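Only one structure is covered here, and it is reproduced in the block below.
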Amino acid sequence: MAGDRTPNSALADVITESGATYYALAREIRSVAAEAGHRLSTGPSAVAYWVAGGTPSGQTPFYIAEALTRRTKRRVTVAEIGLGCEVGGAMETDPLAVIADLGRSVMQRRRDFLGAAFTSAAVGLPLTYSHEAVAATLRAAETGASVGPTEVTTVRQLTETFRSADERLGGGHGLTTVTAYLTDTVAPMLTARFLSATVRSEAFGAAAQLACLVGWKHHDLGREGAAQRYYLLGYQLACEADPNGHAAWMMRALTHQALDLGHPGSCPELAEAALGRAVGKVDRQTEALLLVTCARAYGAGGQSARAARALLAAEDAVTDTRDPVTAYAAASGPVAATVASHMGKTLTAMKDHIAAERHYRRSLAGRTPGTYQLKHGLTMANLGRSVAGQYRHEEAVGLWARSLDFMGGVVSDRNRQAVREIQAAAARYRKRGVAGAASLNQRATELLNNQA
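Following this line, the structure appears as structure tokens:
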């Protein structure tokens, strides 16, 4: 009965601290849930119900905690606000157990995991992570089986096969297959006796790349909490392989996810730490990719001068091709094209649409459309936005129409979001009588209906 409920003073206190109205908090909760792929109808009355002692269902307590974390600019846990016990607050000391747990959650399609919220507090976990205890745990788990270079090469080859398919078909293609391979084949390999320290490092590096790929697949599907867990797992595995360059690369993945979701808070610090680890220990092109990540983080945080300096440094580094690119960086595709794409995103955030257009065009020229179908379509859509930002509306309509050519048959939430944005822009342009807008709106609508 309602009269039997005890008011949740802990929740009320943190809401007061945040300064948010019930309406504003409800909106933030809906936003957090949407990032996890859940559509909630939370309103102010629901917040009032919880403060009065009502219990939110499912993953909602975690969405509330994350919403309050963003409002208070500090970490708020579900335990602190009287809505349960905290889970996943730090990286576990046994990555192999994490692989098993995450794999089980994916294979069983557990809604609490697949709908988990991205947590801004977790973005900075690598900054305080010490992998010595994890390394000891992993070495203690080594068994009598032996693994050599052949097995590691097989993992790398299959990972690249999965990655290539994603570029054509989207992250939703083959997710359970890739997860099962990591869980059932690669994880047991990491408990083996390795023929040398080099082979051990290579094995953990290959596993880190595969974990990163699984994280990317979840990110592409809009399952941001699950993606973040796999990225953190990939970071732990990378620390065993190479605590400098490869670990920095996984910090880059965590940074880009946070930037893509519009949460730049910890990003400059994490991007700087990643660059600091890698400088002088990786090739210059990999440095360029880390530099442009710093630039994006600065740009998103309003630090335009620092962003400009990082962009210039990235442009300089990417032209140095004397050394081969690291395997994990090469897996993202042609380096110059990737750097150019992120330069475009940085400049878009800084409202420099003319320069952004130049870099988006350079990125498109550097990638083969058939091989990089997903990236090509999304970059073309970004180019359309930069052109629209210069009031060249008919040209933008044409670019968006071309981007839709690459978006059919792709299982990707990022893809769907881009199509929705094109549909909305086309609807506005149609009302203004912009040539081609009506046809573009119809195409985007049909594509969304086919993807439903």
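For reference, each letter of the sequence shown is one residue, going 4 to 455 in our numbering.
By construction, the Cβ of each residue, glycine as well, lies at the ideal position given by its N, Cα and C atoms.
In this text, all values refer to a predicted model and were calculated from it rather than measured experimentally.
Q) Can at least three beta-carbon pairs, one atom from the segment 268-285 and one from the segment 228-240, be found at a separation below 8 Å? A) The segment 268-285 makes no contact with the segment 228-240; the number of CB pairs closer than 8 Å stays below 3.
Q: Can you give me the Cβ contacts of R446 inside the same chain, cut-off strictly under 8 Å, excluding the 5 residues immediately before and after it?
A: Position 443 of the sequence shown holds residue 446. The beta carbon of R446 is closer than 8 Å to those of A404 and L407 in its chain, skipping five residues each way along the sequence.
(Q) Using a Cβ-Cβ cutoff of less than 7 Å, which residues in the same chain neighbour G411 once the five nearest sequence positions on both sides are dropped? (A) Counting from one through the sequence shown, the residue named residue 411 turns up at place 408. Counting only Cβ-Cβ distances below 7 Å, and skipping sequence neighbours, we find L450.
Q) Run through DSSP, which three-state label would V282 get? A) As a first step, residue 282 is located in the sequence shown; it is residue number 279 there, counting from the start. In the three-state scheme derived from DSSP, where H, G and I count as helix and E and B as strand, V282 is classed as coil.
Q: Would you kindly check if the distance between the Cβ of R364 and the Cβ of L381 is under 8 Å?
A: On the sequence shown, position 378 is the one that residue 381 refers to. On the sequence shown, position 361 is the one that residue 364 refers to. No.
Q. What distance in whole Å lies between the Cβ atoms of L293 and R2, which are believed to be in contact at a cut-off of 8 Å?
A. Residue 2 is absent from the structure shown; the chain starts at 4 and stops at 455.
(Q) Starting from V390, trace the alpha helix (DSSP H) in both directions and tell me its first and last residue. (A) Start at 1 with the first residue of the sequence shown, and residue 390 comes out as number 387. That run of the alpha helix (DSSP H) goes Q376 to A391.
Q) What's the call for A230, buried or exposed, on a 16-neighbour Cβ count within 10 Å? A) Within the sequence shown, numbered from 1, the residue matching residue 230 stands at position 227. So A230 ends up on the buried side.
(Q) On the CB-based measure, 16 or more other CB atoms within 10 Å of its CB, does Y331 come out buried or exposed? (A) For the purposes of this step, residue 331 is taken as residue 328 along the sequence shown, with counting starting at 1. Classified as buried, Y331 has 16 or more neighbouring CB atoms from the shown chains inside 10 Å of its CB.
Q: Would you identify the three-state DSSP class for V109, choosing helix, strand or coil?
A: Within the sequence shown, residue 109 is the residue found at index 106, counting from 1. If DSSP states are grouped into helix, strand and coil, V109 belongs with the helices.
Q | Within-8 Å CB hit, A139 to chain C | A | Annotation note: the requested chain C is absent from the structure, which comprises a single protein chain.
Q.
So, with DSSP's three-state summary, where would you put R490?
A. Given that the chain is displayed from residue 4 to residue 455, the structure contains no residue 490 and the question cannot be resolved.
Q.
Suppose you measure from the CA of E20 to the CA of V54; what does that come to, to the nearest Å?
A. On the sequence shown, residue 20 is found 17 positions in, with the first residue counted as 1. On the sequence shown, residue 54 is found 51 positions in, with the first residue counted as 1. Cα to Cα, the separation comes out at about 14 Å.
**Q.** Where A190 sits in the DSSP three-state scheme
**A.** Translated into the one-based positions of the sequence shown, residue 190 becomes position 187. Reduced to three states, the DSSP call for A190 is helix.
Q: Over the uninterrupted alpha helix (DSSP H) stretch that includes I84, give me the two end residues.
A: The residue you call residue 84 lines up with position 81 of the sequence shown. No alpha helix (DSSP H) holds I84; DSSP gives it neither H nor E.
Q: Quick one: which unbroken alpha helix (DSSP H) runs of 4-plus residues sit fully inside the segment 287-321? Chain order, please.
A: Listed in chain order, they are 287-303 and 307-321.
(Q) Using C-beta distances below 7 Å, list every residue in its chain close to V101, excluding the 5 sequence neighbours before and after it, in chain order. (A) Numbered from its first residue, the sequence shown carries residue 101 at position 98. E95 and L236, listed in sequence order.
Q. Among V413, V400 and G436, which one has its Cα closest to the Cα of Q426?
A. Looking up residue 426 in the sequence shown gives position 423. The option with the nearest alpha carbon to Q426 is V400.
Q.
Alpha carbons only, please: which of E290, A311 and E424 is nearest the one belonging to A298?
A. Here residue 298 is taken as the residue at index 295 of the sequence shown, counted from 1. When E290, A311 and E424 are compared, the shortest CA-CA separation from A298 is found for A311.
Q) Got a sec, what are the start and stop residues for the alpha helix (DSSP H) R420 sits in? A) Looking up residue 420 in the sequence shown gives position 417. One point to set straight first is that residue 420 is Gln, not Arg, in the sequence displayed. Residue range D416 to K434 is occupied by the alpha helix (DSSP H) that includes Q420.
Q. Using the C-alpha atoms, what's the distance from A27 back to H134?
A. Your numbering for residue 134 matches position 131 in the sequence shown. Your numbering for residue 27 matches position 24 in the sequence shown. Straight through space, the alpha carbons of A27 and H134 are spaced by roughly 39 Å.
**Q.** Residues that V150 bridges to, as DSSP identifies them
**A.** By one-based count along the sequence shown, residue 150 stands at place 147. Paired residues: F197.
Q. Between the beta-carbon of E69 and the beta-carbon of S108, is there less than 8 Å?
A. Against the sequence shown, residue 69 aligns to sequence position 66. Against the sequence shown, residue 108 aligns to sequence position 105. The answer is no: Cβ separation not under 8 Å.
Q: Flag L451 as yes when its Cβ comes closer than 7 Å to any non-hydrogen atom of the ligand SAM, and as no otherwise.
A: The ligand SAM is not among the ligands present in this structure, which contains no ligands whatsoever.
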